[in-house]
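Undergrad: Chains A and B are the protein sequences, given in the same order.
Each residue of the first sequence is one higher than the one before, counting from 587 in the working numbering.
Each residue of the second sequence is one higher than the one before, counting from 37 in the working numbering.
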Amino acid sequence: MQRLGSAWAGLGVGLLLMLHACQPAAPPVSPRADERPPQASLPEARYQVLQPTLEQQDEQGNTLWKLKAQALEGQSAGEQAEGTLVAVSGWLYRKGKPVLQISARYARAHSATREVEAWGEVKATSSVTRAQLQAERILWKAREDRIIATGAVTLRWGDLVLQDERLTMDTALQRAWGGE
Amino acid sequence: MLRGLIATALATLLIAGWEGGLAQTQPQRNANPAIQFGKTRITGHVRYIAESQPKTRTYRLKLFRGKQQPVRIEAPDQYLVIEANYLQAQFGYSEQNEPILQQAIADQGVSVRYARPKPFSRLDARARKATYNAEQSMLTLEGEVYLEAEDEFYKTVARNHERVVVYLEEESQRLEAYAIERDGIPRGEIIITPKEQRPK
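1. In the segment 703-749 of chain A, which residue ranges form an unbroken beta strand (DSSP E) of at least 3 residues, counting only runs that do not cross its ends?
2. For A:Q609 and chain B, any beta-carbon pair shorter than 8 Å?
3. Does the segment 658-665 of chain A come close enough to the segment 694-712 of chain A that 3 or more CB-CB pairs lie under 8 Å?
4. Hey, is B:S88's beta-carbon within less than 8 Å of any beta-carbon in chain A?
5. From what residue to what residue does the beta strand (DSSP E) around B:N196 run?
6. Report yes or no: do the segment 102-110 of chain B and the segment 732-748 of chain A share at least 3 C-beta pairs separated by less than 8 Å?
7. Tell me, please, whether the CB atom of B:R14 is closer than 8 Å to any CB atom in chain A?
8. Could you tell me which residues DSSP puts in a beta bridge with B:N169?
9. Using three-state DSSP, classify B:P153 as helix, strand or coil.
10. Helix, strand or coil: how does DSSP classify A:Q760 here?
11. Within this structure, are the beta carbons of B:A140 and B:Y168 separated by less than 8 Å?
12. Can you tell which of B:Y182, B:L97, B:A86 and B:R162 has the C-alpha that lies nearest to the C-alpha of B:R223?
13. With 7 Å as the C-beta to C-beta threshold (strictly closer), list the residues of the segment 132-156 of chain B near chain A in chain order.
14. Determine the closest residue to B:R162 out of B:R195, B:Q138, B:I136 and B:Q132, with distance taken between C-alpha atoms.
15. The beta strand (DSSP E) spanning A:G682 covers which residue range?
16. Whose Cβ in chain B lies nearer than 7 Å to the Cβ of A:G676?
17. Let me check understanding here. Comparing Cα to Cα, which of B:E198, B:K75 and B:T229 lies closest to B:R218?
18. Taking C-beta pairs closer than 7 Å, name the residues in chain A that B:Q124 reaches, listed in chain order.
19. Tell me whether B:F73 is buried or exposed, calling it buried when 16 or more other Cβ atoms sit within 10 Å of its Cβ.
20. Looking at the unbroken beta strand (DSSP E) that takes in B:Y84, where does it start and where does it end?
21. Only counting the same chain, and skipping five residues up and downstream in sequence, which positions put a Cβ closer than 6 Å to that of B:V202?
22. Does any CB atom of chain A fall closer than 8 Å to the CB of B:A111?
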């Protein structure tokens, strides 16, 4: 129970940091040495949140991604916390529109770099091209409009099937680059 | 609601500890990446770019050979095999809605084989460049063309041609050959040998 209490405290700190991360970007300002805020120290704890829905937006308020999962399992210690979404499904967006529906056993998102990583029987379907992607793992880079898929990758465009161990695509799965 | 917020908080926070593992990993590359469209298959490529055109239901590819082998496209429904260092292909659908190789442009170290069982027609050619157009049933070979062709009645060998156009229609199969010229003198050679006709 005590551990759970620590967990809530950690989540509180996390929430503050997260909200900060989702604000529109402002010019970075280096704090003066004597103004440096105290470092957040998270309790050593493990968390599980059931059926969470997560999303991230850009500076203009456009949704970048929206994921729901059966569970979010996380842990924190010191200044870091990390977590993994379990049994995930959701959408990746381009210019505020949902273009790729994905599902995977696990996923993580990095709000600062605007990347989403998913692994374990990853499946994705493009609403633009109806293309279907399967892979062991994908890394989506929203800023670059690129998906890097690895491990038994299969991309289907109707009757056209591309198979490789590594394939780079745009978010809508309209273009693919092999051997990069 | 609170749960959702907390989850979001955790996710964003947590993520601070993640270093984007996949981008840094170097997965083992499958030695045999493959591309298939209907019965048409492409192998031997290492680097390639593919693009889907959903409105026209066409797919374009640019492929580069690997160190060990050339890019190879096999279209058995169209009796065609092409190998080259560089290949552009466009796939689409026929009027009967069957997946076909619509166009191919092969460049550098090109070899082409066409083998149709009925009516019998066989062609083996080497050239610097080959362009295949399914709609026009036409194969254009360019640059130091060497060709051996055969049908039910004739065997043909053509060498030293700058350009050879092969019309592949079943009813009007024919060649047009443009010889290489040196000092204004055509060097091209075509040898046509009638085949012995067996009484039916």
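Even for Gly, the Cβ is constructed at its ideal location relative to N, Cα and C.
Quantities reported herein were computed from a predicted structural model and do not represent experimental measurements.
TA: Straight from the coordinates:
1. 718-727 and 732-743
2. Residue placement at A:Q609 cannot be trusted, given a pLDDT of 31 that sits under 50; what the coordinates show is reported in the next sentence. No, A:Q609 lies away from the interface with chain B (no Cβ there is under 8 Å from its Cβ).
3. no
4. yes
5. Y190 to Y203
6. no
7. The structure shown does not extend to residue 14 of chain B, since chain B is modelled only from 37 to 236, so the question has no answer here.
8. B:Q139 and B:M174
9. B:P153: coil per DSSP, three-state reduction.
10. coil
11. yes
12. B:Y182
13. P135
14. B:R195
15. No beta strand (DSSP E) contains A:G682, which DSSP labels as neither H nor E.
16. Within chain B, no residue comes near A:G676; the closest Cβ sits about 12 Å away, beyond 7 Å.
17. In this structure, B:E198 is the residue among B:E198, B:K75 and B:T229 with its C-alpha nearest to the C-alpha of B:R218.
18. Correct list: empty, because the minimum Cβ distance to chain A is about 15 Å.
19. buried
20. H81 to Q89
21. L175 and L211
22. False, the Cβ-Cβ gap to chain A never drops below 8 Å.
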